[in-house]
Amino acid sequence: MDFGIKGKKAIVCAASKGLGKGCAEALAREGVEVTICARGAETLTATARELAATGVNVKPVVCDVTTEGGRKALLAACPNPDILINNAGGPPPGDFKEFSLDDWRKAVEGNMLTPIALIHATVYGMMQRGFGRIVNITSASIKHPIAALELSNGARLGLTGAVAVLARKAIRDNVTINGILPGPFDTDRLRGTTQKMAEARKVAFAVVDAERKAAVPAGRFGSAEEFGSVVAFLCSAHAGYITGQNLLIDGGGYPGSL
Ligand code: NAP
Numbered sequence: 001m002d003f004g005i006k007g008k009k010a011i012v013c014a015a016s017k018g019l020g021k022g023c024a025e026a027l028a029r030e031g032v033e034v035t036i037c038a039r040g041a042e043t044l045t046a047t048a049r050e051l052a053a054t055g056v057n058v059k060p061v062v063c064d065v066t067t068e069g070g071r072k073a074l075l076a077a078c079p080n081p082d083i084l085i086n087n088a089g090g091p092p093p094g095d096f097k098e099f100s101l102d103d104w105r106k107a108v109e110g111n112m113l114t115p116i117a118l119i120h121a122t123v124y125g126m127m128q129r130g131f132g133r134i135v136n137i138t139s140a141s142i143k144h145p146i147a148a149l150e151l152s153n154g155a156r157l158g159l160t161g162a163v164a165v166l167a168r169k170a171i172r173d174n175v176t177i178n179g180i181l182p183g184p185f186d187t188d189r190l191r192g193t194t195q196k197m198a199e200a201r202k203v204a205f206a207v208v209d210a211e212r213k214a215a216v217p218a219g220r221f222g223s224a225e226e227f228g229s230v231v232a233f234l235c236s237a238h239a240g241y242i243t244g245q246n247l248l249i250d251g252g253g254y255p256g257s258l
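Numbered by my numbering, the letters in the sequence shown go through residues 1 to 258 in order.
Next comes the structure, spelled out in structure tokens:
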């Protein structure tokens, strides 16, 4: 299927590896010019080189997207994107009792205010031009709270509520805003948490890895490639009637019927 977005311009945040990179790869395969960012220059440069091999224009921007300066640099590299994929690192795990207000401020800044700022800076131009696709990468934790991830549960749900009305306004101008809620995906982040769990229990990485996979109805973790393909479809010309949705991609992990 031709996604109908060849030649469009995308900003993909936090995309030197993991889910963001999966999105950038899928969009580049569709002929979309991608502006990608991450804090680490080395991995970002290597990813930009890989993406450029598809033949599209790739702009890497080394920045922390959760800062105002970082977002300015990103928007300077791609001032009028047709597609915006919001993503950043997730807040650290912990317990409500131990979190300070500053911990909450950081989580809200990174996972709620940062995507809101980028949406605010880009959505009206998209509406004027009559095409736009915005996808917020959030987490399955907004559908079913995850015990150790209270900072994430709160900040990401805040973002989801904040854009729900805008999503219904912008669609009149062929601009959609949707959330994608990943369950467990095989990325460095997931491997890092598995390693920590294994160390805490003094068991091998493979033991925890197998347990976590067995807990997913699919019997495996998702791949960044399949994640990116779903996001690219939501950004396609064919998905203009889908907005304000929050789509779980979790291998069947959510236990409800609806
Ligand atoms: P990952 O493999 O660790 O990749 C994170 C990417 O984001 C890297 O390219 C990293 O590069 C970049 N990044 C992180 N913080 C950034 C910042 N402040 N500014 C710019 N770039 C930044 O992580 P992932 O698994 O893809 O996760 C992506 C998001 O999805 C996270 O918010 C995570 O909580 C969420 N999520 C993941 C899963 C999962 O199973 N993987 C499930 C649910 C939710 P630098 O470090 O060089 O900046």
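Ideal Cβ placement from N, Cα and C applies to all residues, glycine included. All values reported here derive from a predicted model rather than from experimental measurement.
(Q) List, from N- to C-terminal side, the beta strand (DSSP E) runs of 3 residues or more that fit wholly inside the segment 49–80. (A) 58–62
Q.
In the DSSP output, what is Arg-133 paired with across the bridge?
A. One-based indexing of the sequence shown puts residue 133 at position 133. The partner list for Arg-133 (beta bridge, DSSP) reads Ile-83 and Thr-176.
Q | Exposed unless 16 or more other CB atoms sit within 10 angstroms - verdict on Pro-115 | A | Stepping through the sequence shown from its first residue, residue 115 is reached at position 115. By the 10 Å Cβ count, Pro-115 comes out buried.
Q.
I believe Ala-24 touches Leu-44 by the beta-carbon criterion, under 8 Å. Please report the beta-carbon distance rounded to the nearest angstrom.
A. Translated into positions along the sequence shown, residue 24 becomes position 24. Translated into positions along the sequence shown, residue 44 becomes position 44. With 8 Å as the limit, Ala-24 and Leu-44 do not qualify as a contact, their Cβ atoms being about 11 Å apart.
Q | Cys-23 - DSSP class collapsed to helix/strand/coil | A | Taking the sequence shown and counting its residues from 1, one reaches residue 23 at position 23. Under the three-state reduction of DSSP, Cys-23 is assigned to helix.
Q: Could you name the residues of the same chain whose beta carbon sits closer than 6 Å to that of Arg-39, not counting the 5 residues immediately before and after it, in chain order?
A: Working through the sequence shown from its first residue, we reach residue 39 at position 39. Cβ neighbours of Arg-39 beyond the five flanking positions: Asp-64.
**Q.** DSSP state of Thr-187 mapped onto helix, strand, coil
**A.** Your numbering for residue 187 matches position 187 in the sequence shown. Correct three-state label for Thr-187: coil.
Q: Give me the Cα-Cα distance between Gly-55 and Gly-31, rounded to the nearest whole angstrom.
A: Position 55 of the sequence shown, counting from 1, holds the residue named residue 55. Position 31 of the sequence shown, counting from 1, holds the residue named residue 31. Rounded to whole angstroms, Gly-55 to Gly-31 spans 8 Å at the Cα level.
Q. With 16 as the cutoff for other CB atoms within 10 Å, does Ala-210 come out buried or exposed?
A. The count along the sequence shown starts at 1 and reaches residue 210 at position 210. Burial call: exposed.
Q) Between the segment 137–154 and the segment 198–213, are three or more C-beta pairs nearer than 8 Å? A) no
Q) Should Val-12 be labelled buried (16 or more other beta-carbon atoms within 10 Å of its own) or exposed? A) Taking the first residue of the sequence shown as 1, we reach residue 12 at position 12. It is buried - the Cβ of Val-12 has at least 16 other Cβ atoms within 10 Å.
Q) Nearest-angstrom Cα distance between Ser-223 and Phe-185? A) Here residue 223 refers to the residue found at position 223 when the sequence shown is read from its first residue. Here residue 185 refers to the residue found at position 185 when the sequence shown is read from its first residue. Cα to Cα, Ser-223 sits roughly 6 Å from Phe-185.
(Q) Can you give me the C-alpha to C-alpha distance between Phe-221 and Leu-118, rounded to a whole angstrom? (A) Here the question's residue 221 lines up with position 221 in the sequence shown. Here the question's residue 118 lines up with position 118 in the sequence shown. Spanning the two alpha carbons is a distance of roughly 30 Å.
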